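Have a look at the structure below, then the notes.
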Amino acid sequence: MAPAQTQRNAAKDDVWVPTVCYMCYNACNIRVHRVDGVVVKIEGNPESPHNGSRVCAKGHAAIMGLYNPYRVTKPLRRTNPEKGPGVDPGWVEISWEEALAAIADRLKSIRETDPRKLAVLSFDTQGFGTLGNVWTTAFGTPNVNPGSADYYCGNANHPISWSVDGTFFSEPDYHYAKYCILFGSQHGIPGFTKNPLGLAPRLADARQKGGLKLVVVDPYCNTAASKANEWVPIRPGTDAALALALANVLLNEEGIYDREFLARCTNAPYLIGDDGYYARDGEGHAQVWDQASGKAVPFHTEGARPALEGTFQVDGGRQARPAFALVKEHVQKYTPEKAEEITTVPAATIRRIAREFGRAASIGSTITLEGKVLPYRPAVADWSKGAIAHKHGMHTGWAIQLLDTIVGAVDVPGGHLGVSSKGPGWEPTEGPDGLLVPAQKIAMGGIPYPPKKPVRPNTAEVNELFPAASYAQPMLLDVLKDPEKYGLDYKVEMLINCRSNYMMTSVDPEAVAESFGKIPFIVSFALNIDETAELADIVLPDTHVLERLDALPNRIYGWILPGQGEWYWTVRQPVVDPPPGVRHWTEVMYHLAERIGMLEDLYFTFNANLKIGEPFRLKPGRVYSHEELVDAYFKSLFGSEHGVAWFKENFMLKEPRSIEEAYPRPFIKPRLPIYLEHFKRQGPQVQAVTAELGLEDWDVSDYQALPDWGPCESYSRRGEYDLIAIMAKQAFHTHSFTVDAAWLNELGDQYPDSKAVLINPATARRKGLADGDEVILRTPDGKEGRTRVRCFEGVHPEVVVIPGLHGHWARDRRKYIENPGLHFNSLLAYDLRKIDMASSAFDACVKVKVTKI
Amino acid sequence: MARLGMVLDLERCVGCNGCTMACKAEHGTPKGVFFAKVLEKTTGKYPNVKKQFIPVLCNHCEDAPCERACPTGATHIRPDGIVLVDDDKCIGCRACYVACPYVNRAYLPKGILKEGYYGNGYLTPYEQVKYKEFTEGTVVKCTFCAHRVDQGLDPACVITCPTEARTFGDLDDPRSEVSALIRERSGFQLLPEANTKPCVYYLRG
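Here the protein sequences line up with chains A and B, keeping their order.
Add 58 to a position in the first sequence, counting from 1, and you land on the number used in the working numbering.
Add 1488 to a position in the second sequence, counting from 1, and you land on the number used in the working numbering.
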């Protein structure tokens, strides 16, 4: 029997159950050893292309979360009406019947009056993400929000990946890359960002045997930087200036760019008028200048030889220039010398890295894979939270993307790859002006192209005012306080929260408590009473990952590996039964639907949204179990022989991935944008809508066609607030819930830099600080936190680093977290001026004064 | 007979502690006891600085000072080179603990098996199962996962390593992967001056 399948020892209960981890969002495929009903070990699934036999520290420690004695196992009701951080809710146990009846009453009356008054916050992307959006749609509320991610969740990753690659995620092609610049990213390092256990051996092989040069740009010498050929320390929030200077050197000093790629695969040749918009012909087509015929022709004209530079007369005597010429001119202001002033990266280093990157890209070269000749562009720039969780983060993302676009390293071997742009039965299509639109089959919410028109808000995160972004989660806190300000004609009156700890993962817990305090009724599904569940009126127990059934946790739009390999579809299945009475929260939500009489609507929406085909469509007049719903979904996707029973036994369905699917760029027609003409068009539209709402000071200046660098609030430092605080990830923690697995707390406490503030030794000396000193960090907004000093040479001298998301204060958690540490997000005061008005990212750096206690 | 050994590639290791936790889960070691660990060392000055990650475990020395120090024969070397402690014979004198130049052994004090990770005398179902394998008042250490090796499996830390930095095999077989790595990349042992002949080798990062 293949290891991917369930393996049993018939003599007693001794079984290896294949399932999918959920200690972070990466959905690693695991096999879990259960003996006499007890989980005794977790291993990677050697048959899985996703992670093989590899499991990270968090995955192993899931056992300790499963058996955490402080798990919630009974519904709880709050008796203390006062709410806030540290306030004892005064829980009393209540029956399921009492809890469900109270919740159903509220739901029923909200649905009858205005269903939008219900908000559901959940980062359960792999469970509720499928069935849950069906529930909220059927209920009639648009307020479903991956709340846990709050102020940063790919705000300036996803919109760019969707626009360029047609996918939710993009990743470096470590199979073939020879040069990789990671901007505030640790892609391929276990414990960090996307698909780390799949990429880890690829990156290690590339570094060791593949001749990859790895350059890491970050204020902190993190793990990736420690393994890199070169660490480039940078002032926080200035990555755009560096990327634009690199682009300037490539375009204007070295003359390195992929002419053919730019002309054929991007909108670089599109003619732009003096007004900054496409110079369209009489029929509204964007045009290019055809060098063969010496005239402007529609961009899609067969056989045209489009010009990339020059100034041309188009009809009516208007002058127009190819977008590429504008890009080239635009970046000229970012001289390496100017960028050095902004970023602290020496101009000579900028020139050298640009040269190395440009030469490594080997423009014009090809590679033959499986008999197909493909462009070979083994140079890639990648970015993540470190670079873009800042004011002007959207510009930073596009500035870094520009590097990949200039050299043609997009969805070709060695470049930046969308994880699933094109697959069996799907590929991106041409949208307005020939630009790329993601395939319907993998598209989820928040796709920025075709361009959305801003409209008067209907949602509680007012994402209608952020048309270029995938969502606008950080706005929620302000909207809850004053919905009328945003033109909403309702207030959120009930919140359901699950796998989302807003109090810790958002900025400013005091602000969260104040905003959530406006919601009359909060229900938290919880594994443990976390900091957000402490604000709830009713807490319902939820299942642990090893007790859950979820369809397709390796969601095809994201949690799969890019490049050469296979397609794979999996199931998350229970290894052990949950505590008596405890059910998967999705199941409870479906049961509530039945109680409030919306089951028919729910099944109708299920059939429609998940495109369930006959004979698997849900029929009205009967009640389906959670397992039957998953079964219908599976069978509709994969045929009647591949229902939930098949997946439980066999775990994984695989299909070979063709070269066209691994590297789709040469095989697809739609172009990717280098000049964001639609983005520019959105600026005045947002201005008009916000002005109509009376939001007079709404800043639309970031709606430009070309990226620029703009400063964070921390950039100008004067006087005593002379350092910039940032946070860094730790490989053995994710989000805020991994602390519930006690092994991981103990592990963190082994390291002196865990739960400390890291300071460059020269800076520490200047301030009279030494290792172990207790210090207080204060911000100009009046936020503060205590911790101790750890001197580390790998910190930019203007910066202090707080590793991990610590500082838990929930009463139950404090019973097993001896040394909670400092909560970085408590240093960030909620202030709309710190939100990037294009991507909605909240600025994750702050000026601080560090004082010895 | 094979002489089993492990090669740890410091160039590949990223210090994620996948090994540390795989080991803990495989053996169920009590609070404070780690058979596998990752040490960190900072080298260089800003901005030419790096953090180096050095995973450590019992070196399964050929000339093991712990074995020589053991007065009861509890610490013994199997024919395949794995150094083990027989807890039936261990009297908890800790002579081996002192003798080990690598500080890779741990002593289980009285009461440790009644105190689980969550305190208050609560043992999780997992701890209840796993703690049966231990005896208070004895010394414990990495076993090279002898129970797995005997089933033809690699140690838990090896299979889980996300960067595939760990290789396990027969040092006496010149064609084995471990022998080839040591030969081709000048594998070295920790504290060679202690003359213990460790079977754990490192490759430079």
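Even for Gly, the Cβ is constructed at its ideal location relative to N, Cα and C.
Note that the structure is a prediction, hence the values are computed from the model and not measured.
- With 16 other Cβ atoms within 10 Å as the buried cut-off, status of ASP1661 of chain B: Numbered from 1 along the second sequence, position 173 holds the residue referred to as residue 1661 of chain B. ASP1661 of chain B is exposed by the Cβ-count criterion.
- Which runs of the alpha helix (DSSP H) fall wholly inside the region 248-292 of chain A and span at least 4 residues, in chain order? 254-266, 281-285
- Item | When A:TRP149, A:ASN287, A:GLN184 are compared against GLU140 of chain A, the one with the closest alpha-carbon | Along the first sequence, read from residue 1 onward, the residue named residue 140 of chain A stands at position 82. Nearest option by C-alpha distance: A:TRP149.
- Take ALA1510 of chain B as the anchor and find which of B:GLU1681, B:LEU1545, B:ALA1644, B:ILE1670 has the nearest alpha-carbon. Reading the second sequence from its first residue, position 22 is the one you call residue 1510 of chain B. Considering only alpha carbons, the answer is B:ALA1644.
- Query: Looking at the structure shown, is HIS864 of chain A part of a helix, part of a strand, or coil, going by DSSP?
  - Reply: Locating residue 864 of chain A in the first sequence gives position 806, where the first residue counts as 1. In this structure, HIS864 of chain A counts as coil in the three-state DSSP scheme.
- Determine the DSSP secondary structure at LYS1539 of chain B, reduced to helix, strand or coil. Sequence index remark: in the second sequence, residue 1539 of chain B carries index 51 (1-based). DSSP places LYS1539 of chain B in strand when its eight states are reduced to three.
- Message: Just to check my reading of the structure: LYS386 of chain A and ASN310 of chain A have Cβ atoms closer than 8 Å, yes? What is that Cβ distance to the nearest angstrom?
- Response: In the first sequence, the residue the question calls residue 386 of chain A occupies position 328. In the first sequence, the residue the question calls residue 310 of chain A occupies position 252. Yes, LYS386 of chain A and ASN310 of chain A are in contact; Cβ-Cβ is about 6 Å, under 8 Å.
- Task: Determine the closest residue to GLU360 of chain A out of A:LEU257, A:SER812, A:TRP347, with distance taken between C-alpha atoms.
- Result: On the first sequence, position 302 is the one that residue 360 of chain A refers to. For GLU360 of chain A, the nearest C-alpha among the options comes from A:TRP347.
- Message: Between which two residues does the alpha helix (DSSP H) holding LYS706 of chain A run?
- Response: The residue you call residue 706 of chain A lines up with position 648 of the first sequence. 702-708 is the span of the alpha helix (DSSP H), which, as asked, contains LYS706 of chain A.
- Item | With 16 other Cβ atoms within 10 Å as the buried cut-off, status of ASP373 of chain A | Reading the first sequence from its first residue, position 315 is the one you call residue 373 of chain A. ASP373 of chain A should be labelled exposed.
- Query: Can you list, in chain order, the residues of its chain whose CB lies under 6 Å from that of CYS279 of chain A, leaving out five sequence neighbours each side?
  - Reply: If you number the first sequence from 1, residue 279 of chain A lands on position 221. Contacts found: TRP289, GLY852.
- Pick from B:TYR1590, B:VAL1666, B:VAL1646, B:VAL1688 that is closest to GLU101 of chain A, judged by C-alpha positions: Residue numbering aside, residue 101 of chain A sits at position 43 when the first sequence is read from its first letter. Minimum Cα distance to GLU101 of chain A is reached at B:VAL1646.
- Message: I need the DSSP call for THR1623 of chain B, collapsed to helix, strand or coil.
- Response: For the purposes of this step, residue 1623 of chain B is identified with residue 135 of the second sequence, where counting begins at 1. THR1623 of chain B falls in the coil class under three-state DSSP.
- Item | Beta-carbon proximity list for ASN516 of chain A, same chain, < 8 Å, skipping 5 on both sides | The count along the first sequence starts at 1 and reaches residue 516 of chain A at position 458. Excluding positions up to five away in sequence, the list reads ARG174, PRO200, GLU522, LEU546.
- Task: Please name the residue in B:ASN1592, B:VAL1502, B:GLY1625, B:CYS1649 whose C-alpha comes closest to that of ALA1552 of chain B.
- Result: On the second sequence, residue 1552 of chain B is found 64 positions in, with the first residue counted as 1. Checked all of B:ASN1592, B:VAL1502, B:GLY1625, B:CYS1649; the closest Cα to ALA1552 of chain B is B:ASN1592.
- Query: the region 111-122 of chain A: which residues have C-beta closer than 7 Å to a C-beta of chain B, in chain order?
  - Reply: SER111, ARG112, VAL113, CYS114, ALA115, HIS118, ALA119, ILE121, MET122
- Message: If I measure Cβ to Cβ from ARG1500 of chain B and keep anything under 6 Å in the same chain, skipping five residues before and after, which residues do I get?
- Response: The count along the second sequence starts at 1 and reaches residue 1500 of chain B at position 12. Closer than 6 Å at the Cβ level, and outside the excluded window around ARG1500 of chain B, lie THR1651, ALA1653.
- Query: What whole-angstrom Cβ distance do THR324 of chain A and LEU880 of chain A have, given they're in contact under 8 Å?
  - Reply: The count along the first sequence starts at 1 and reaches residue 324 of chain A at position 266. The count along the first sequence starts at 1 and reaches residue 880 of chain A at position 822. With 8 Å as the limit, THR324 of chain A and LEU880 of chain A do not qualify as a contact, their Cβ atoms being about 45 Å apart.
- Query: For GLU151 of chain A, which residues does DSSP report across the bridge?
  - Reply: Start at 1 with the first residue of the first sequence, and residue 151 of chain A comes out as number 93. DSSP output for GLU151 of chain A lists A:LEU134 as bridge partner(s).
- Message: Quick check on DSSP: helix, strand or coil for GLY185 of chain A?
- Response: Looking up residue 185 of chain A in the first sequence gives position 127. Coil at GLY185 of chain A, not helix or strand.
- Is ILE782 of chain A near VAL815 of chain A, with beta carbons less than 8 Å apart? Counted from its first residue, the first sequence places residue 782 of chain A at position 724. Counted from its first residue, the first sequence places residue 815 of chain A at position 757. Against a cut-off of 8 Å, the Cβ pair of VAL815 of chain A and ILE782 of chain A comes out as no contact.
- Task: Count the CB pairs spanning the region 547-565 of chain A and the region 1489-1508 of chain B that are closer than 8 Å, and state whether there are at least three.
- Result: no
- Message: Rounded to whole angstroms, what is the Cα-Cα separation between PRO722 of chain A and HIS700 of chain A?
- Response: Translated into the one-based positions of the first sequence, residue 722 of chain A becomes position 664. Translated into the one-based positions of the first sequence, residue 700 of chain A becomes position 642. About 28 Å.
- At a Cβ cut of 8 Å, what residues of the region 1580-1605 of chain B count as close to chain A, listed as they run along the chain? TYR1605
- Message: Distance check for GLN459 of chain A and TYR434 of chain A, CA to CA, integer angstroms please.
- Response: The residue given as residue 434 of chain A occupies position 376 in the first sequence. The residue given as residue 459 of chain A occupies position 401 in the first sequence. Straight-line Cα distance between these residues: approximately 18 Å.
- Reduced DSSP secondary structure (H/G/I, E/B, other) of SER228 of chain A: By one-based count along the first sequence, residue 228 of chain A stands at place 170. Of the three classes helix, strand and coil, the one that applies to SER228 of chain A here is strand, per DSSP.
- Are ALA1524 of chain B and LEU1492 of chain B touching if we call contact CB-CB under 8 Å? For the purposes of this step, residue 1524 of chain B is identified with residue 36 of the second sequence, where counting begins at 1. For the purposes of this step, residue 1492 of chain B is identified with residue 4 of the second sequence, where counting begins at 1. It is not a contact, given that the beta carbons lie outside the stated cut-off.
- Under the rule that 16 or more other beta-carbon atoms within 10 Å means buried, what is SER284 of chain A, buried or exposed? As a first step, residue 284 of chain A is located in the first sequence; it is residue number 226 there, counting from the start. Result: buried.
- ALA60 of chain A burial status per 10 Å Cβ neighbour count (16 or more: buried): As a working mapping, residue 60 of chain A is identified with position 2 in the first sequence. The pLDDT assigned to ALA60 of chain A is 45, lower than 50, so where the model puts this residue is not dependable; a value taken from the coordinates is nonetheless given after this. Classification of ALA60 of chain A: exposed, given that the 10 Å Cβ count is below 16.
- Message: Is there a C-beta anywhere in chain A that falls below 8 Å from the one on ILE1647 of chain B?
- Response: As a first step, residue 1647 of chain B is located in the second sequence; it is residue number 159 there, counting from the start. So, interface residue.
- So what does DSSP say about ILE100 of chain A, is it helix, strand or coil? Residue numbering aside, residue 100 of chain A sits at position 42 when the first sequence is read from its first letter. Three-state result, ILE100 of chain A: strand.
- Item | DSSP state of ASN87 of chain A mapped onto helix, strand, coil | By one-based count along the first sequence, residue 87 of chain A stands at place 29. In this structure, ASN87 of chain A counts as strand in the three-state DSSP scheme.
- For the putative contact between PRO327 of chain A and LEU366 of chain A, defined by C-beta atoms under 8 Å, what is the C-beta separation to the nearest angstrom? By one-based count along the first sequence, residue 327 of chain A stands at place 269. By one-based count along the first sequence, residue 366 of chain A stands at place 308. Confirmed, Cβ separation roughly 6 Å.
- Neighbour-count burial assignment, ILE1579 of chain B, 16 or more Cβ in a 10 Å radius: The residue you call residue 1579 of chain B lines up with position 91 of the second sequence. Looking at its Cβ environment, which holds fewer than 16 other Cβ atoms inside 10 Å, ILE1579 of chain B is exposed.
- Cβ separation of VAL1627 of chain B and TYR1595 of chain B, assumed to be a contact under 8 Å, to the nearest whole Å: Start at 1 with the first residue of the second sequence, and residue 1627 of chain B comes out as number 139. Start at 1 with the first residue of the second sequence, and residue 1595 of chain B comes out as number 107. Yes, VAL1627 of chain B and TYR1595 of chain B are in contact; Cβ-Cβ is about 5 Å, under 8 Å.
- Item | Any chain A beta carbon closer than 8 Å to ARG1500 of chain B | Taking the second sequence and counting its residues from 1, the one referred to as residue 1500 of chain B is at position 12. So, interface residue.
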